[in-house]
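A.B. asks: In our numbering, the protein residues as written are 13 to 367.
Submitted below is the structure of interest, expressed as structure tokens.
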């Protein structure tokens, strides 16, 4: 499939029928293999020891100062409009990193995004790694940034954790030889979209298979979670980022009332967002926070206005982005196709992501 796409004339106008692309979620065979993988690891690593070379304090939270926005160059499901809007509206001091597994596209990508993000705010990376149609879901397959308890020998205070991704699209090593910070390993199969955190070290996952096979000690030891909340898989894909959104240091959003008590127990006021009327995979929760700006999925339907009003009530600069195509195909939304990293020197980030 990837070779077929390369024959198309311009990266920005890729348009294929949804049925020709790999799904965001695992196939039945991939699901079974992931469960087996995690079950076997759980037996082997029952008493989990963090084997990374650095000690982790806690995971980075989207509520903290953002330094970089990352996304892959693929633009399936009408996501080019989403990515162009993000590139055009980055807060001051936030740099855009567009990466591709097709180095020949670097020039055209730079020509496209420079007028939107600004030349000094853009880095385009041509990486060599095995990628497929699933490369677009950056949230699931890029390493998760973590704050270290003390600076590493090269002086950085940030590291990142790589997990096994069922799709095989893992730019972690490629993304951690270019930037400059330590890369730790979670050997379990796990998608980054099923991991939502706050600056206090609270972590939330939806306890679906195969995540349910991952011991708590992996989250506390490897990612630095101080408290882990496992939510029952009620609806949707089964990722925490489609159900839970920490909006500030005192409030959390959800569209699933049955989660309210567990979230309230973390010390937050819980605000319930409306549920979109059409499409079982639609959600207003899968928004992307970048400093004082928030990019919210909308669906050209009656509940859009209510959801946007909730976000605006927190004094945020709100950007509504239509997500019908990607969401209605069960392939997530804005948060799923992006990744944010903390503010650090570019040389640090290059070492973290691409070694």
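All C-beta atoms in this analysis are idealised placements derived from N, C-alpha and C, irrespective of residue type, glycine included.
Can you have a look at residue 162 and say buried or exposed, based on whether 16 or more other CB atoms are within 10 angstroms of its CB?
C.D. replies: The residue labelled residue 162 in the question sits at position 150 within the chain shown. Classification of residue 162: exposed, given that the 10 Å Cβ count is below 16.
A.B. asks: Looking at the structure shown, is residue 360 part of a helix, part of a strand, or coil, going by DSSP?
C.D. replies: For this step, residue 360 is matched to residue 348 along the chain shown. Helix, per DSSP.
A.B. asks: What residue does the beta strand (DSSP E) around residue 265 start on, and which one ends it?
C.D. replies: On the chain shown, residue 265 is found 253 positions in, with the first residue counted as 1. Where residue 265 is concerned, the enclosing beta strand (DSSP E) stretches over 263-266.
A.B. asks: Ordered along the chain, which non-local residues of its own chain (more than five positions away) have a Cβ less than 6 angstroms from that of residue 300?
C.D. replies: Locating residue 300 in the chain shown gives position 288, counting from the first residue. Within the same chain, residue 300 has close Cβ partners 307, 346, 347 and 350.
A.B. asks: Given this structure, state the Cα-to-Cα distance separating residue 363 from residue 164, to the nearest angstrom.
C.D. replies: Your numbering for residue 363 matches position 351 in the chain shown. Your numbering for residue 164 matches position 152 in the chain shown. Each residue's alpha carbon lies about 12 angstroms from the other.
A.B. asks: Would you decide whether residue 41 is buried or exposed? Buried here means 16 or more other CB atoms lie within 10 Å of its CB.
C.D. replies: Locating residue 41 in the chain shown gives position 29, counting from the first residue. It is exposed - the Cβ of residue 41 has fewer than 16 other Cβ atoms within 10 Å.
A.B. asks: In whole angstroms, what separates the C-alpha of residue 196 from that of residue 232?
C.D. replies: The sequence position of residue 196 within the chain shown is 184, counting from 1. The sequence position of residue 232 within the chain shown is 220, counting from 1. Answer to the nearest angstrom: the Cα atoms are 14 angstroms apart.
A.B. asks: The beta strand (DSSP E) spanning residue 332 covers which residue range?
C.D. replies: Within the chain shown, residue 332 is the residue found at index 320, counting from 1. 329-334 is the span of the beta strand (DSSP E), which, as asked, contains residue 332.
A.B. asks: Give the straight-line distance between the Cα atoms of residue 79 and residue 223, rounded to the nearest whole angstrom.
C.D. replies: Walking along the chain shown from the start, residue 79 turns up at place 67. Walking along the chain shown from the start, residue 223 turns up at place 211. Each residue's alpha carbon lies about 29 angstroms from the other.
A.B. asks: Between residue 71 and residue 209, which are expected to be in contact by the criterion C-beta below 8 angstroms, what is the C-beta distance as a whole number of angstroms?
C.D. replies: Here residue 71 corresponds to residue number 59 of the chain shown, with the count starting at 1. Here residue 209 corresponds to residue number 197 of the chain shown, with the count starting at 1. About 5 angstroms separates the two Cβ atoms, so the contact holds.
A.B. asks: For residue 131, which option in 214, 106 and 69 has the closest C-alpha, if you only look at C-alpha atoms?
C.D. replies: Position 119 of the chain shown holds residue 131. Minimum Cα distance to residue 131 is reached at 106.
A.B. asks: Taking residue 248 as the reference, give the member of 324, 280, 352 and 298 with the closest Cα.
C.D. replies: In the chain shown, the residue the question calls residue 248 occupies position 236. Here the closest residue by C-alpha is 298.
A.B. asks: Under 8 angstroms Cβ to Cβ from residue 313, same chain only, skipping five residues before and after it: list those, please.
C.D. replies: Locating residue 313 in the chain shown gives position 301, counting from the first residue. Taken in chain order, the residues that qualify are 288, 289 and 290.
A.B. asks: Can you tell me which residues form a DSSP beta bridge with residue 80?
C.D. replies: In the chain shown, counting from the first residue as 1, residue 80 sits at position 68. BP columns for residue 80 point to 107 and 353.
A.B. asks: Checking 8 angstroms against the spacing of the C-beta atoms, do residue 296 and residue 309 come in under that value?
C.D. replies: Indexing the chain shown from 1 puts residue 296 at position 284. Indexing the chain shown from 1 puts residue 309 at position 297. Yes.
A.B. asks: Here's the rule I'm using: 16 or more other beta-carbon atoms within 10 Å means buried, otherwise exposed. How should residue 2 be labelled?
C.D. replies: As shown, the chain starts at 13 and ends at 367. That puts residue 2 outside it, with no answer to give.
A.B. asks: Which whole-angstrom value is the C-beta distance of residue 263 and residue 235, which I expect to be below 8 angstroms?
C.D. replies: The residue given as residue 263 occupies position 251 in the chain shown. The residue given as residue 235 occupies position 223 in the chain shown. The pair is not a contact, with the Cβ atoms about 23 angstroms apart (cut-off 8 angstroms).
A.B. asks: What are the uninterrupted segments assigned as beta strand (DSSP E) that are 3 or more residues long and contained completely in the segment 111-148, given in chain order?
C.D. replies: Counting whole runs of 3 or more residues, the segment 111-148 contains the beta strand (DSSP E) stretches 134-138.
A.B. asks: Using a Cβ-Cβ cutoff of less than 7 angstroms, which residues in the same chain neighbour residue 330 once the five nearest sequence positions on both sides are dropped?
C.D. replies: Reading the chain shown from its first residue, position 318 is the one you call residue 330. The residues are 306, 308, 320, 323 and 324.
A.B. asks: Thinking C-beta only, is residue 238 closer than 8 angstroms to residue 214?
C.D. replies: As a first step, residue 214 must be located in the chain shown, where it is residue number 202. As a first step, residue 238 must be located in the chain shown, where it is residue number 226. Yes, these two residues count as a Cβ contact at 8 angstroms.
A.B. asks: Provide the residue(s) that pair with residue 160 in DSSP beta bridges, ordered along the chain.
C.D. replies: Within the chain shown, numbered from 1, the residue matching residue 160 stands at position 148. Looking at the DSSP assignment, residue 160 forms a beta bridge with 68.
A.B. asks: Is the distance from the Cβ of residue 3 to the Cβ of residue 43 below 8 angstroms?
C.D. replies: Nothing can be reported for residue 3, as the shown portion of the chain is limited to 13 through 367.
A.B. asks: Based on Cα-Cα distance, which residue from 303, 151, 269 and 211 lies nearest to residue 82?
C.D. replies: As a position in the chain shown, residue 82 is number 70, starting the count at 1. Selected option, being the one with the closest Cα: 151.
A.B. asks: Could you say which of 129, 342 and 227 lies nearest to residue 56 if we only look at CA atoms?
C.D. replies: Against the chain shown, residue 56 aligns to sequence position 44. Comparing Cα positions, the closest option is 227.
A.B. asks: Go ahead and label residue 74 buried or exposed: buried means 16 or more other beta carbons lie within 10 angstroms of its beta carbon, across all protein chains shown.
C.D. replies: For this step, residue 74 is matched to residue 62 along the chain shown. With 16 or more Cβ atoms within 10 Å of its Cβ, residue 74 is classed as buried.
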